[in-house]
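Enquirer: The structure's right below; bear with me while I get my questions together.
Residue numbers (this note's numbering): 252 to 406.
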């Protein structure tokens, strides 16, 4: 295992991106039973990521080690209708294989994505399940703080 490099995702990365996104959603499911994954998650992930890679308002970047994609970040550029600053870079998916965690790689990868997002957004936010303790600890350590909460009640 070396030190990964970071780059924009390419169409040839799609199979690996789908696999990593499915892993991320399975991890979320472990933290919260309200996040039970669908049977067609791979197909839905493929369309979701393909749409993002082709959208001017999304960013999909990968961490690559020795030719293998080991992580990805997907973010959206969106307008904050009621608040300043107006443009937001919202990180909505972030997954790094476990063996690459707790080595400073995730923070460096996030910095790479933030640098790209800052070209179009003034504030950077991250969206993740509130019970995902790994994400809470990671983003808190990097000086992110909560600004909006979403609550659900099982029906």
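Heads up, the beta-carbon is just placed ideally off N, CA and C, and yes, glycines get one too.
Is residue 360 helix, strand or coil when you go by DSSP?
Expert: Helix at residue 360.
Enquirer: Beta-carbon of residue 364 versus every beta-carbon of chain C: anything under 8 Å?
Expert: The chain inventory of the structure shown lacks chain C, comprising one protein chain alone.
Enquirer: Out of 322, 285 and 368, which has the shortest C-alpha to C-alpha gap to residue 340?
Expert: That would be 368, whose Cα lies nearest to the Cα of residue 340.
Enquirer: Please confirm whether residue 372 and residue 401 have their CB atoms less than 8 Å apart.
Expert: No, the pair does not count as a contact, with Cβ atoms beyond the cut-off.
Enquirer: Is it buried or exposed for residue 334, if we count other Cβ within 10 angstroms and need 16 for buried?
Expert: So residue 334 ends up on the exposed side.
Enquirer: Put residue 341 into one of helix, strand or coil per three-state DSSP.
Expert: Three-state DSSP puts residue 341 in a strand.
Enquirer: Can you tell me whether residue 229 is buried or exposed, with buried defined as 16 or more other CB within 10 angstroms of its CB?
Expert: Beyond the ends of the chain as shown, which are 252 and 406, falls residue 229; an answer cannot be given.
Enquirer: So the alpha helix (DSSP H) residue 389 belongs to, where does it begin and stop?
Expert: Note, residue 389: alpha helix (DSSP H), 384-392.
Enquirer: With DSSP collapsed to three states, give me the class of residue 286.
Expert: Three-state result, residue 286: helix.
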